[in-house]
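Just below is one structure, and these are the notes that go with it.
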Amino acid sequence: MAADEREVLLQATGLTKRFPGVVANEDVSLTLRKGEILALLGENGAGKSTLVKMIYGLYAPDEGEIRIKGEAVRLAGPRDAIKRGIGMVHQHFQLVPVFTVAENIVLGDEPLRWPFVNMKSARAEVARLSEEYGLKVDVDAHVEDLPVGTQQRVEILKALYRRADILILDEPTAVLTPQETDDLLRVMRGFADSGVGVIFITHKLREVLAVADTIEVLRGGKWVGTTVPAETSQEGLAQMMVGRGVLLQVDKRAAQPQEVILDVQGLTVTDDLGLPAVRDVSLQVRAGEILGIAGVEGNGQRELVQALTGLRRCSATTVTVNGQDILNKSPHDIHALGVGHVPEDREKDGLVGPYSVADNLVLDRFAEPEFASRGVRDRKAIDALSTNLVQQFDIRTPGITTTVQSLSGGNKQKIVIARELAANPVALIAAQPTRGVDVGSIEFIHSQIVGARDRGAAVLLVSAELDEILGLSDRVAVMYDGRLVDVLDIAVADRARVGRLMAGGSKDA
Amino acid sequence: MRARYAYALAIIIGIAIVVCFFLDEIRTVSVLSFSLRYAVPLILAAMVGIVCERSGVINIGIEGQMLMSAFAGFFGAAVTGNLILGTLIGIGTGMIMGAFLATGAVTWKMDQIIAGTVINILAVGLTSFFYVQGQVLPGNTPIVAIPLLSDIPLAGPVLFNNGLFTYAAVAIPLILWVLLFKTRWGLRTRAVGEKPSAADTSGVGVDPMRFWNVTIAGALAGMAGAYLAIEAAGTFERGFTAGRGFTALAIMIFGAWNPIGALAAAFFFGLTQGLASQLQADEVIAIPQQFINMLPYVLTIVLLAVVSGRIKPPSAVGRPYEKD
Chain W
2 MAADEREVLL QATGLTKRFP GVVANEDVSL TLRKGEILAL LGENGAGKST LVKMIYGLYA
62 PDEGEIRIKG EAVRLAGPRD AIKRGIGMVH QHFQLVPVFT VAENIVLGDE PLRWPFVNMK
122 SARAEVARLS EEYGLKVDVD AHVEDLPVGT QQRVEILKAL YRRADILILD EPTAVLTPQE
182 TDDLLRVMRG FADSGVGVIF ITHKLREVLA VADTIEVLRG GKWVGTTVPA ETSQEGLAQM
242 MVGRGVLLQV DKRAAQPQEV ILDVQGLTVT DDLGLPAVRD VSLQVRAGEI LGIAGVEGNG
302 QRELVQALTG LRRCSATTVT VNGQDILNKS PHDIHALGVG HVPEDREKDG LVGPYSVADN
362 LVLDRFAEPE FASRGVRDRK AIDALSTNLV QQFDIRTPGI TTTVQSLSGG NKQKIVIARE
422 LAANPVALIA AQPTRGVDVG SIEFIHSQIV GARDRGAAVL LVSAELDEIL GLSDRVAVMY
482 DGRLVDVLDI AVADRARVGR LMAGGSKDA
Chain S
1367 MRARYAYALA IIIGIAIVVC FFLDEIRTVS VLSFSLRYAV PLILAAMVGI VCERSGVINI
1427 GIEGQMLMSA FAGFFGAAVT GNLILGTLIG IGTGMIMGAF LATGAVTWKM DQIIAGTVIN
1487 ILAVGLTSFF YVQGQVLPGN TPIVAIPLLS DIPLAGPVLF NNGLFTYAAV AIPLILWVLL
1547 FKTRWGLRTR AVGEKPSAAD TSGVGVDPMR FWNVTIAGAL AGMAGAYLAI EAAGTFERGF
1607 TAGRGFTALA IMIFGAWNPI GALAAAFFFG LTQGLASQLQ ADEVIAIPQQ FINMLPYVLT
1667 IVLLAVVSGR IKPPSAVGRP YEKD
């Protein structure tokens, strides 16, 4: 390979960062050149975010050196990094919701007409940048009113406003529709062509192969290899990420749908502000099938799941499980009818962090005669079940008395799945079941969900990851703006078609 | 929506005041002057709350900060024989108490409610322990009538014929409004109180911003305390602030964390008190003095019950900022 002649924008050598109990990055190096898109690939917890946070000055490295445009630097904070031309688009948008687009973009680098902020010139400058880079935004809109795709454009403009020539994008596609993702990849290429160096963090292999010039792979905080798209494949990258062969395709037989278990007719739910979030949704899930709900987050999926699991009041003509009415029943009553729930926010709704693994595994059944008699818990029965489940669900924990909060995301999620599946539910409602979970655990969780289906459970799967929906579902329903726009058989649901529906396109287009 | 009700209420009160003025000039001016003077410490203390909470720090210790400042201001003036020096000592004490809260709540990332409560308890203890009877001030603070403006009917005697503290209490909310909504400091302060991580990643230091805002706000608490002891009462008693610091927090909420809103809310508060006192003095209503004294507390409870939940506080208030 010929030596690359382009100017080196950023060179990190031997970066190490330790947190109490973990080494987040160990001896990691990378080089970014002008006009290059460098993909940083790795599982959750591989240390990608830690690495870029060091480059952006949010963390100070314990060892190693960062050189920006040839000059060795010690970054005291984001301010230093910004001054040296580093811009970052954060995974969780760093925007003030109640501020306007223009206010958000100039925050920290405000044009002044002393003693006031010169909002007029701020708005003009933002409008000019928006025009120049084809990132359409309304400069006076309040960020909280904008859809996520637009908020991301604001984040990118924020970096451009600061004249960043090193642009870091941390998991930027996680919140986008497939079409928006394609647009973003094009925008990234445009930046690179104009001489900006782009660091693109992701765990989606397809995107890496589509856009990257160079791919750096991290695993467990360590650098495992560098490659280029031409020399690798999705399988090759997955192997580098995980360290072993991984099945990217879910292995499953055709569904054998039986009788209708979950029957929802005319469901309407309002959100926290009292606005309609789910509008007149009707769906049926049969025993032995997986109905996947695709859609960009925030189109009513959360409220739908909350309504079905008793966590939010709703109105509907019918909501039944196995013929029994569950409309506005308590979560406990619904659970007692055999509805398992894997909540999208496991930390908040799925687990009690300071409790032990064992206690979390019986969180829904601790008072049942099986695990308690006359108000006294039966430790032996609980421990026996827990030991069994830990083994069966491959939960990697030092022991069943370990507190759940000290485990990794993947293992936490396996505890939730184990608990919900242990009681052999007639229906399983799983929201974002593999969010923040490592590839190895994803594979396992997917097989468990398919296993539940094959044992005759009706599975309602809600996920923002289109690949997950397409890989697991037997039928795909697409949700947009609170409505089910269409329900497709998996055989005819391809990325392009579902993607169009997710973006609000009509089903005939 | 909410703003419309507030404007309607303000207009109705305004018309009522003008009508009253034509009916009974002397009593109207007297009630309004009383109301304004009553509102002065509430306004200043509410500004403390606004600056702190807009930066994301709950200051439940305003009461204690005021009490310490009233104590230090009064005895400072009595011992040095100089009212201006006493006032400055009061303001300085407020800043020190502000820095005290900032150190606990920002630097040490203590629970903000506990940090504020520590100040309140400390203030009651210290001011009671070191209290000495029989001290007197060297004189009274001057009333400064502003030429021309003080000759306007109604507004003149009420607004432009006051002590310096009163002018400050009316001017500071207006200045603070401009600072909060038009300047760089204001944009950054609000960012730090709404979404500190966004401020941090934009290069705005969250903790320094919070530390200095809380400390400087303490100076306003100091001014409120000094006013109470030096201008309003001319003396100091144990437990002197009588819950005004907490009332000010209710006023801050009622004013929707907006300095001008809080100014209006505080004046409304003073007005109910002034009106009740006048009606009682005229023996129009015959209720015991104790019930009149209860009024601000009852009103606080009622106001909070009515507005809480409808007005949104700064999102990050009460949470120490930790990088994730």
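Respectively, the protein sequence lines represent chains W and S. So the first sequence is numbered by the numbering used here: it starts at 2 and just counts up by one. So the second sequence is numbered by the numbering used here: it starts at 1367 and just counts up by one. C-beta atoms are modelled at their ideal positions from N, C-alpha and C, and glycine is treated no differently. Because the structure is a prediction, the values reported are computed rather than measured.
- Taking residue 357(W) as reference, the option from 171(W), 213(W), 383(W) with the minimal CA-CA separation is 383(W).
- Within the same chain, 222 come within 6 Å of residue 24(W) by CB-CB distance, once the 5 residues on both sides are set aside.
- Taken through DSSP and simplified to helix, strand or coil, residue 412(W) comes out as helix.
- Sequence-distant Cβ neighbours of residue 1486(S) in its own chain, meaning closer than 6 Å and more than five residues away, are 1427, 1429, 1430.
- The shortest CA-to-CA distance from residue 1508(S) to any of 1629(S), 1532(S), 1567(S), 1638(S) is the one to 1532(S).
- Judged by their CB atoms, residue 1586(S) and residue 1417(S) are nearer to each other than the 9 Å cut-off.
- Under the DSSP definition of a beta bridge, residue 35(W) lacks any partner.
- The alpha-carbon of residue 1408(S) is positioned some 7 Å away from that of residue 1613(S).
- Using a Cβ-Cβ cut-off of 9 Å, residue 1689(S) counts as an interface residue toward chain W, since at least one Cβ of chain W sits closer than that to its own.
- Within the region 116-147 of chain W, 116, 117, 118 place their CB atoms closer than 8 Å to a CB of chain S, listed in sequence order.
- The region 32-42 of chain W and the region 134-149 of chain W do not touch, with fewer than three beta-carbon pairs separated by less than 8 Å.
- Using beta-carbon distances, residue 273(W) does not count as an interface residue toward chain S, since no partner is under 9 Å.
- Taking a beta-carbon distance threshold of 9 Å, residue 1560(S) counts as an interface residue toward chain W.
- The straight-line gap separating the alpha-carbon atoms of residue 1455(S) and residue 1642(S) is approximately 34 Å.
- Of the other Cβ atoms in all chains shown, 16 or more fall within 10 Å of the Cβ of residue 501(W); this residue is therefore buried.
- DSSP, reduced to helix, strand and coil, places residue 1551(S) within a helical segment of the structure shown.
- Contact annotation for residue 89(W) against chain S: 1567 [CB-CB distance below 9 Å, chain order].
- Neighbourhood of residue 113(W) in chain S, by CB distance below 7 Å: 1550, in chain order.
- Under the Cβ criterion of 9 Å, residue 222(W) is not counted among the residues facing chain S.
- Bridge pairing for residue 223(W): 27(W), 220(W) [DSSP].
- Not a single C-beta of chain W is nearer than 9 Å to the C-beta of residue 1641(S).
- The region 328-395 of chain W contains, as complete beta strand (DSSP E) runs of 3+ residues, the segments 340-343 (chain order).
- Residue 302(W) counts as buried, since at least 16 other C-beta atoms from the protein chains shown sit within 10 angstroms of its C-beta.
- Rounded to the nearest angstrom, the Cβ distance from residue 430(W) to residue 333(W) is 15 Å, too far for a contact under 8 Å.
- Taking a Cβ-Cβ cut-off of 7 Å, the neighbours of residue 83(W) in chain S comprise 1569, given in sequence order.
- The DSSP-derived three-state label of residue 18(W) is strand.
- Going by beta carbons, residue 361(W) and residue 314(W) fall outside the 9 Å limit.
- Membership of residue 1589(S) in the alpha helix (DSSP H) is indicated by the continuous run 1572-1592.
- Between the region 437-452 of chain W and the region 467-479 of chain W, the count of C-beta pairs closer than 8 Å reaches three or more; the two stretches touch.
- Around the beta carbon of residue 171(W), 16 or more other beta carbons lie within 10 angstroms, which makes this residue buried.
- Rounded to whole angstroms, the gap between the alpha carbons of residue 153(W) and residue 1551(S) is 26 Å.
- Close CB contacts of residue 106(W) within its chain, under the 6 Å cut and outside five residues either way in sequence, are with 127, 158, 159, 162 (chain order).
- Per the coordinates, the alpha-carbon of residue 1413(S) lies some 16 Å from the alpha-carbon of residue 1482(S).
- For residue 102(W), the CB contacts under 6 Å within the same chain, skipping 5 residues up- and downstream, are 138, 140, 142, 155 in chain order.
- If the five residues before and after residue 174(W) are omitted, its C-beta is found closer than 7 Å to the C-beta atoms of 182, 185, 203, 205, 208, all from its own chain and listed in chain order.
- Residue 1563(S) reaches chain W at 91, 93, 95, counting residues in chain order whose Cβ is nearer than 9 Å.
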